[in-house]
Amino acid sequence: MASVKSSRSRHSGPSGLVSGAGVYQANGGAGQENGVQLADKLKIFKTENFDPDAYVQSKCQTMNEKEIRHLCSYLQDLKKASAEEMRRSVYANYAAFIRTSKEISDLEGELLSIRNLLSTQAALIHGLAEGVHIDSLTAGSEGSAEDDISKVEDQEPSDIQKWALEFPDVLDVLLAERRVDEALDALDEAERVATEAKKGQTLSKAEILSLVAAISVHRQQLANQLAEAACQSSTRGVELRAAASALKRLGDGPRAHSLLLNAHNQRLQHNMQIIHPTSTSYGGAYTAALSQQVFSVIAQALSDSLDVFGDESSYTSELVIWSTKQAEVFAQLVKRHALASCAAAGGLRAAAECVQIAIGHCALLEARGLSLSSVLLKLFRPSVEQALDANLKRIEESTAALAAADDWILTYPPSGIRTSARASTTNLGLQPKLSNSAHRFNTMVQDFFEDVGPLLSMQLGGSAMDGLLKVFNSYINLLINALPGSIEDEANLEGLGNKIVRMAETETQQLALLANASLLAEELLPRAAMKLSPMYQAGMDDSRKRVSERQNRVPEQREWKKKLQRSVDRLKDSFCRQHALDLIFTEDGDTHLSAEMYISMDNSVEEPEWAPSLIFQELYAKLNRMASLAADMFVGRERFATLLLMRLTETVILWLSEDQSFWEDIEEGPKSLGPLGLQQFYLDMQFVILSGQGRFLSRHVHQVIVDIIERAMTAFSATGMNPDSVLPTDDWFIDVAQEYISRISGKARIANGDRELNSPTASVSASSVRSHGSS
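Numbering (my numbering), first residue to last: 153 to 927.
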């Protein structure tokens, strides 16, 4: 009923079956009045004469097919919810169920003892009540009484009477000589004789009473003797099982099973006394020795219990409780003497080894139907999580310490550093080129995932990946802080603390920061995380592993890789913002790009020397220089370098597009944009387009430039002049732009019409830009 009620509270029922519940849910369970109405409508289900079939038929008569289907679906949901609630209830009360079963079993044993005692007492009372009857003596009957007495004295006792008289002495001998099986057979024979004597009256009631009393006394003596033998530390193996089996045969099974487990517990405590952990002892050795003792004893207890008592539920439940308790004691000892020190020092590999050893011994019991792994994993998890956190903290601190002295020069990994499991068979040219701190970070991450891999059964894979993502974000913060000028940005200091990092002064060093971040995020860290995949743990071959790495099928790892790349994007944004600011502003805070530089050209009496503005020449020179450096740093990852340079161009152009003061001066300033200023502005934008085609210019930025040109032409048209009347032909702008492109790049000039046609903006010529701007 509890499961059904909980299911109704979660699912909205169909209108035809439980209308009260539907009304209650439709109104959100609001108000006490609705609750009373629901209780009234549910009374019909609580009556003793409630007929479910008749009730459903009465409701279904007015329902169409769709409503009946909805009703069936709703009832199926109720059934599933009820089954789930029952399962949860069983798991939640499993310990109480086992404890109750054991108490019932103990009670049955006590009732059996009471029954035997009562039967003995009943026989005694019955015999006393119906003792030898003595009739009143008369003068005439004295002679006959004397005759009867003489007949009894002359009569020889029967064989069964002789056996009954000799039985107590025989049983005393058997018990003294500890001939248990013969004593049990004798007791069974005595029980049979006593039963037959009651039916056939072959023994007097007094003799039967004496026999039953002897049976009860000797049965108790034998039980005490067996219990005493089972408690002896020297009693093991066959003797222990024989004593337990004999006790069970005597009808005291619960006591026998408890004594069996207690005997194994004494043996375990005795064996564990020889294992003394010390501060210098190896945690894995201590765990292995302790595991060997604990789980071998549990396995032997399991075998003995099954051999003597079979798979009866009451005994199995007691065995499970006892084994769980032993596993918990074992786990606490391992935590105290092995895992605690590993966790405090961040020794994840040592902690993982201890857990593996314990789980390995424990797994041997699972083939025999006893699973204790979940008990150990639950108790080990806090210590392993502590070791995990300490290990991540060590990676972060070690990397930060190296970053403080890193020269940000990319090199191949030192010979003493292992970059991956395949480093020994990999060509040197295929190994990653990173700076010192990144090499160290990569090595520690590789080791970290190898250590975490064996702990997947504890469901620590997600925690490990999330923790490493935080450490990687911390490293990205260090790289951002290594950019000149970014130390003043408080946002970049978040989570950085007081860590000091060496500045990347040159463009080569600054590109090395991005090379570190991109190679780690795109290749090295995802490849290391594949060690957590089940296929890797199963030991698949290298070819299948490489296919799995390329496809990256695991959704969690794909999402994790995206988060790594978003962290790298923060570094790219800081890099581009810093270089854009260096281009636009001077050290004194003045700007290299202002409306005044265009407006003032028409006030000069001298004919200008036409050339792209210095800021755009410097932009192209910087992009061209960085492209040459990136060609050596981003081998095999040219796309990342291209997107980075596009991002830098975009940063400068977007700043120009969104600079309100610039456009206020152009469109609303006291001085208007003149023909020479428009021509210079058009030349600058044309220079950016031509210099960035196919390398530094995205389609989005190209469209922004087109919009900027259109806006400048619109501002010029507001003065009453036609832009086409003052601007030279498109070929003139192209010639001037290409002349300076060839000067800056040091390459031969590309003739007009020979521009790269495979670039993303080659289809949009300067004439189309101009025509678009003048329309």
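The beta-carbon is built from N, C-alpha and C at its ideal position, and this holds for glycine as well.
Between the segment 500–518 and the segment 596–608, the count of Cβ pairs shorter than 8 angstroms is three or higher; the stretches touch. According to DSSP, Phe737 shares a beta bridge with Thr743.
DSSP places Thr252 within a helical segment (H, G or I) once states are collapsed to three. By the Cβ test, the segment 748–766 is not in contact with the segment 730–737, since fewer than three Cβ pairs between them sit closer than 8 angstroms. In the three-state reduction of the DSSP assignment, Leu524 falls in the coil class, being assigned neither a helical nor a strand state. Minimum Cα-Cα distance from Phe600 among the listed residues Asp876, Pro429, Leu665, Met682 corresponds to Met682.
Straight through space, the alpha carbons of Met617 and Ala763 are spaced by roughly 53 angstroms.
Contact check for Gln709 against Ile896 fails: the beta carbons are separated by 9 angstroms or more. Contact between Ser465 and Ala503 is absent: CB atoms are separated by about 38 angstroms, not below the 8 angstroms threshold. A check of alpha carbon separations from Ala247 across Gly435, Leu471, Ile266 identifies Leu471 as the nearest. In this structure, the alpha-carbon of Met785 lies about 34 angstroms from that of Asp742. For Pro760, same chain residues with a beta-carbon under 8 angstroms away, outside a window of 5 residues either side, are Met753, Leu828, Gln832 in chain order.
Within its own chain, no residue has a Cβ closer than 8 angstroms to the Cβ of Glu739 once the five positions on either side in sequence are excluded. Look at Thr199 here: in three-state DSSP terms it is coil, with no helix or strand label. Counting only the Cα atoms, Leu412 lies some 15 angstroms from Asp258.
Classified as buried, Met596 has 16 or more neighbouring CB atoms from the shown chains inside 10 Å of its CB. In the assembly as shown, Val787 is an exposed residue. Its beta-carbon has fewer than 16 other beta-carbons within 10 Å. In the DSSP assignment, Trp807 falls within the alpha helix (DSSP H) that extends over 790–810.
For Pro822, the number of other beta carbons within 10 angstroms of its own is below 16, and it is reported as exposed. Taking each of Val858, Glu802, Asn201, Leu223 in turn and checking the Cα distance to Ser850, the smallest one comes out for Glu802. Per DSSP, the continuous alpha helix (DSSP H) segment holding Thr866 begins and ends at 851–869. Non-local C-beta neighbours of Phe532 in its own chain, meaning closer than 6 angstroms and more than five positions away in sequence, comprise Val507, ordered along the chain. DSSP places Thr563 within a strand segment (E or B) once states are collapsed to three. A distance of 9 angstroms or more separates the beta carbons of Leu458 and Leu517.
With 16 or more other Cβ atoms inside 10 Å of its own Cβ, Lys774 counts as buried. Residue environment: Gln662 is assigned as buried (16 or more neighbouring CB atoms within 10 Å of its CB, all protein chains considered). When beta bridges are read from the DSSP output, Leu586 appears opposite Thr563. DSSP places Asn417 within a helical segment (H, G or I) once states are collapsed to three. About 27 angstroms separates the Cβ atoms of Ala557 and Arg679, ruling out a contact at the 8 angstroms cut-off. Ala870 and Leu735 have their alpha carbons spaced roughly 31 angstroms apart.
Here the segment 520–530 lies against the segment 474–481, with 3 or more beta-carbon pairs under 8 angstroms apart.
When the Cα atoms are used, Asn629 and Thr439 turn out to be separated by approximately 41 angstroms. Boundaries cannot be given for Ser765, as no alpha helix (DSSP H) includes it and DSSP labels it neither H nor E.
With a 10 Å radius around the Cβ and a threshold of 16 neighbouring Cβ atoms, Phe461 comes out buried. A distance below 8 angstroms between beta-carbons, with the five flanking residues on each side excluded, links Gln445 to the following residues of its chain, in chain order: Leu420, Asn423, Met424, Ile427. With respect to the C-alpha of Leu665, the residue from Glu549, Leu442, Leu723, Ala451 having the closest C-alpha is Leu723.
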